[in-house]
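Heads up: the structure comes next, in structure tokens.
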Amino acid sequence: MAISEEDLGPRWLRDYGDVNVDVATLLKFGNSLIAELDLDYKPHAMKIFDDMSVPDGYSSAEFFELVDALATHRTVRVETTTSLARHADGIFAFGSAAKEISNNYGEADAYSGAKVGYVERLMADAPAARDDGSTQPSSTAIPILPTTQVPATTGSTDNSGTTALGPDGKPLY
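All letters in the sequence shown, in the order written, are residues 235 to 407 by my numbering.
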């Protein structure tokens, strides 16, 4: 049964591909952004903040063109320092988000990798297919592993409050 047209979402979104992200690289990227901000950007920005914080040296109501120019200069100084501070905040937020995404999905990747690894180990230990066409199990059939359940202390649990364990006695997830 096909998915109905109304359940597919907007047509303009359907042609987008998947986003593949290497979680370890994302963590390095987040760390490098924050390091670059701290080691390179902030020292230069602080120098600019210091230079821009110097008060106007001369102001007299008699020279209204000068007063107007100094007011415009002050406005530009405030906008410049505000933009520099917002840029630093944005870079920090972006780097922190990259690190948080990496940490959150790194755990998910480890979980799915553990489950895939467990299945691959079981498949590698499975006996070869029978050549005689028989549907009956051979004498070397896959051993049925007993279901081991212990009270849950860590990991995911089902409604019974138990954690499924692998043959090595460790939680599957």
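Every residue, glycine too, gets a C-beta built ideally from N, C-alpha and C.
Which value, in whole angstroms, describes the spacing of the CA atoms of residue i and residue j?
i: S294; j: N265; result: 50 Å
i: F263; j: D290; result: 41 Å
i: N238; j: A322; result: A quick correction: the sequence has Ser, not Asn, at residue 238. Cα to Cα, S238 sits roughly 46 Å from A322.
i: H307; j: N254; result: 47 Å
i: N338; j: A305; result: 49 Å
i: V312; j: L318; result: 10 Å
i: G243; j: D249; result: 11 Å
i: L271; j: K333; result: 15 Å
i: L300; j: W246; result: 55 Å
i: P277; j: F283; result: 10 Å
i: Y275; j: K281; result: 10 Å
i: A327; j: E296; result: 47 Å
i: A303; j: A342; result: 58 Å
i: A236; j: A269; result: 49 Å
i: E240; j: A279; result: 51 Å
i: P380; j: T259; result: Bear in mind that the predicted position of P380 carries a pLDDT of just 45, short of 50, making it unreliable; the figure below should be weighed with that in mind. About 40 Å.
What distance in whole Å lies between the Cβ atoms of residue j and residue i, which are believed to be in contact at a cut-off of 8 Å?
i: I325; j: L273; result: Actually they are not in contact, since the Cβ atoms of I325 and L273 sit about 12 Å apart, beyond 8 Å.
Residue j and residue i - do their beta-carbons sit closer together than 8 Å?
i: S330; j: L261; result: no
i: M286; j: T315; result: yes
i: G340; j: V288; result: no
Does at least one heavy atom of the ligand FAD sit under 7 Å from the Cβ of residue i?
i: Y250; result: Here there are no bound small molecules, and the ligand FAD is not part of this structure.
- Message: As an exercise, report each continuous alpha helix (DSSP H) stretch of at least 4 residues that is fully enclosed by the stretch 247-271, in chain order.
- Response: 257-270
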